[in-house]
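For the sequence shown, the positions run 164 to 673 when our numbering is used. Where a beta carbon is used, it is the ideal one built from N, C-alpha and C, also for glycine. Computed from a predicted model, the values in this text were never measured in an experiment.
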Amino acid sequence: MQKTTAVLEIGSSGIRLCIANINTGDELFEILENESRPTLLGSDVFLHGIVSLSVINECVEILSSYKELLQGYGLHARQVHAIASSALREASNKDSFIDIILMRTGFKIKVLEDLEENHYMYFAVMHALDKEKENIGTKNSLIIEIGGGSTEILLIKRGQIEAVHSFQLGTIRIASAVQSADGSTESILRIIQDHVNTITTKLNAELPLQSIENVIIMGSDARLLASAEHADFFTTYWRLQVQNFLDNSEKIARYSEIQCIQQFDIDACDAVTMRYGLLILREFIKRTNAQTVFIPAYSMREGYLLSLVVSEKNKIQKELKKHILASARSIGRKFSFDEAHANCVRKNILKLFDTLEFMHNLTKRDRLLAELAALLHDIGVFIRSGSHHKHSEYIISNSEIFSITNDERIMIACIARYHRKGGPNSTHSNFMFLDKADRIRVLKLSALLRIADVLDHNHNQAIEVVSAERKSDNIIIYTNNSFELSLLQQEIKKKADLFEFVFGYSVVVV
Numbered sequence: 164m165q166k167t168t169a170v171l172e173i174g175s176s177g178i179r180l181c182i183a184n185i186n187t188g189d190e191l192f193e194i195l196e197n198e199s200r201p202t203l204l205g206s207d208v209f210l211h212g213i214v215s216l217s218v219i220n221e222c223v224e225i226l227s228s229y230k231e232l233l234q235g236y237g238l239h240a241r242q243v244h245a246i247a248s249s250a251l252r253e254a255s256n257k258d259s260f261i262d263i264i265l266m267r268t269g270f271k272i273k274v275l276e277d278l279e280e281n282h283y284m285y286f287a288v289m290h291a292l293d294k295e296k297e298n299i300g301t302k303n304s305l306i307i308e309i310g311g312g313s314t315e316i317l318l319i320k321r322g323q324i325e326a327v328h329s330f331q332l333g334t335i336r337i338a339s340a341v342q343s344a345d346g347s348t349e350s351i352l353r354i355i356q357d358h359v360n361t362i363t364t365k366l367n368a369e370l371p372l373q374s375i376e377n378v379i380i381m382g383s384d385a386r387l388l389a390s391a392e393h394a395d396f397f398t399t400y401w402r403l404q405v406q407n408f409l410d411n412s413e414k415i416a417r418y419s420e421i422q423c424i425q426q427f428d429i430d431a432c433d434a435v436t437m438r439y440g441l442l443i444l445r446e447f448i449k450r451t452n453a454q455t456v457f458i459p460a461y462s463m464r465e466g467y468l469l470s471l472v473v474s475e476k477n478k479i480q481k482e483l484k485k486h487i488l489a490s491a492r493s494i495g496r497k498f499s500f501d502e503a504h505a506n507c508v509r510k511n512i513l514k515l516f517d518t519l520e521f522m523h524n525l526t527k528r529d530r531l532l533a534e535l536a537a538l539l540h541d542i543g544v545f546i547r548s549g550s551h552h553k554h555s556e557y558i559i560s561n562s563e564i565f566s567i568t569n570d571e572r573i574m575i576a577c578i579a580r581y582h583r584k585g586g587p588n589s590t591h592s593n594f595m596f597l598d599k600a601d602r603i604r605v606l607k608l609s610a611l612l613r614i615a616d617v618l619d620h621n622h623n624q625a626i627e628v629v630s631a632e633r634k635s636d637n638i639i640i641y642t643n644n645s646f647e648l649s650l651l652q653q654e655i656k657k658k659a660d661l662f663e664f665v666f667g668y669s670v671v672v673v
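So this is what it looks like as structure tokens:
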């Protein structure tokens, strides 16, 4: 089955449109048309914190011209997936901008969170480099994209995501900083090196960059370089040796704006930012031990297209969940969690979630949140055993879990907090931040987590949930170890209070 759709991206330096046919078969999408128009949105926001009226009108004009193009494919503005990245995310008049665009053009913009950009970047990389998955899956890799306002980074340790970050380092931000310097290449390099040194200190604590063997670069700057230098092309990606990339990027970084415009057929704004982007990439790559650079032919827009068509059974979706769990475990190890206990609680809460599906009315996504909360519920012990549930909430709410939105991260933090002691109240800011529906989801998942956790109260992994059923006013939970269970009945009674309050059933564990 084939369907025509479009992804519209409002970025820091341009507004880009990708029109494609998406399919449910092996060929997941076919690009029909790509369009790009420059804007000064990022310059406005990063310098003044606001999108000016002139830039708003410029955006309206570009979007109106895209509407005419889309109509030729039978697409209306409200059918288009319109997304925006870091520039609009930071604009103080973001909400007004979104409303003006909706009223004047019909496009309904979704502003992506920083980690959502990483999510779509992952989709694009995994699809483009499918032929290289054995290579990437056995080595440490750095996935990086330098945007106008941010640098997106994924650290991959032998095929599993070790860390995910979004840093406020971008080509337009550097251009703004350069305006106050003397503008020489040496001054630009000094500014970039200061930023990169700060970032690499953080990255090295998670995965030493000297252990990186592959660098995967997203973004138009790298694609232009690869195409112009005739790098080896394999349908969906380019591959070249690190030294070739370093030599060519240094050469291009020293071009004048006029040379960049003529060589790459780009506008003046992109000519400036391309040079800065390549210099930033050089500084990161030089700190690794990589020999090979991969440059996917896809952008975040293709990644978004892929997210529309992959199903739960699709190999990309399966890999995605593995990476989400790996990201959470990496956080747990960073805070010296009891991994055996966390895995036992995880297995128990999943069994409870699945066997009690008839009564909780929760979704597959909620199941994932339960799994993550189970893995991380005790990491607050790293700070102090007393009140560790509060410390767990703090650590989780301030950590970056791959592919998890800000709201979901707050939910996971709350679920972890309420795995022991008292329940929510109006003074708990994270819980009150959530809307009513999400607060109910937190209560239900916290209730399940309390039961799953108390069954491994002694941290010896001796008790596992086998099944559960409803009998009259009771929920009977069957386990594999009645002897061990007899020693925990008092603890179970205490921890079952939230379950009984939320679901309206007494708990009997046998």
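Go ahead and pull the three-state DSSP assignment for residue i.
| i | result |
| --- | --- |
| R402 | strand |
| D598 | coil |
| F330 | strand |
| L292 | coil |
| Y641 | strand |
| D428 | coil |
| E308 | strand |
| K230 | helix |
| T436 | helix |
| D619 | coil |
| V274 | strand |
| I213 | coil |
| H591 | coil |
| F408 | helix |
| I246 | strand |
| V456 | strand |
| S566 | coil |
| V671 | strand |
| Q323 | strand |
Nearest-angstrom Cα distance between residue i and residue j?
| i | j | result |
| --- | --- | --- |
| S412 | K658 | 60 angstroms |
| A579 | D517 | 20 angstroms |
| S255 | I335 | 18 angstroms |
| I263 | Q425 | 36 angstroms |
| H244 | I272 | 8 angstroms |
| L488 | D501 | 15 angstroms |
| E556 | H620 | 20 angstroms |
| E376 | L409 | 15 angstroms |
| I448 | R583 | 45 angstroms |
| K553 | N561 | 13 angstroms |
| E280 | S248 | 8 angstroms |
| Q331 | L444 | 15 angstroms |
| E325 | R267 | 43 angstroms |
| A287 | Y461 | 6 angstroms |
| I194 | V671 | 56 angstroms |
| I299 | I261 | 39 angstroms |
| E663 | S669 | 5 angstroms |
| K607 | V673 | 22 angstroms |
| R572 | I421 | 46 angstroms |
| I622 | Y581 | Before going further, note that residue 622 is His rather than Ile in the sequence given. Approximately 19 angstroms, taken between the alpha carbons. |
| G174 | S350 | 27 angstroms |
| N588 | V665 | 15 angstroms |
| V218 | G312 | 17 angstroms |
| R492 | I558 | 13 angstroms |
| C181 | H504 | 46 angstroms |
| N637 | G667 | 9 angstroms |
| I316 | S635 | 52 angstroms |
| R321 | S374 | 10 angstroms |
Grab the span of the alpha helix (DSSP H) containing residue i for me, first residue to last.
| i | result |
| --- | --- |
| A576 | N569 to R580 |
| I559 | H551 to S560 |
| K656 | Q652 to K658 |
| E632 | Run containing E632: none in the alpha helix (DSSP H); it sits in the beta strand (DSSP E), V628 to K634. |
| D253 | Residue identity check: residue 253 is Glu in the sequence provided, not Asp. That run of the alpha helix (DSSP H) goes S249 to E253. |
| L265 | K257 to T268 |
| S470 | M463 to V472 |
| L388 | S383 to A391 |
Do we get a CB-CB distance below 8 angstroms when we pair residue i with the residues of chain B?
| i | result |
| --- | --- |
| A245 | Annotation note: the requested chain B is absent from the structure, which comprises a single protein chain. |
So the beta strand (DSSP E) residue i belongs to, where does it begin and stop?
| i | result |
| --- | --- |
| R679 | Within the shown structure, residues of the chain are numbered from 164 to 673, placing residue 679 beyond reach of any answer. |
| A169 | Q165 to I173 |
| G177 | G177 to N186 |
| E315 | T314 to K320 |
Quiz item: Does the count of Cβ pairs from the region 389-398 and the region 476-492 closer than 8 angstroms reach three?
Solution: no
Quiz item: At what residue ranges does the region 475-544 contain a whole run of the alpha helix (DSSP H), taking only runs of 4 or more?
Solution: 478-497, 502-518, 520-523 and 527-539
Self-check item: Touching by the beta-carbon criterion (3+ pairs, under 8 angstroms), the region 451-470 and the region 353-361
Solution: no
Exercise. Determine, using beta-carbon pairs with one atom in the region 398-406 and one in the region 418-434, whether at least three such pairs fall under 8 angstroms.
Key: no
Quiz item: Is there contact between the region 509-528 and the region 627-636, where contact requires at least three CB pairs shorter than 8 angstroms?
Solution: yes
Quiz prompt | contact_flag[the region 427-438, the region 189-209] where n(CB pairs < 8 angstroms) is 3 or more | solution = yes
Quiz item: At a cut of 8 angstroms, does the region 300-318 reach the region 584-596 through at least three beta carbon pairs?
Solution: no
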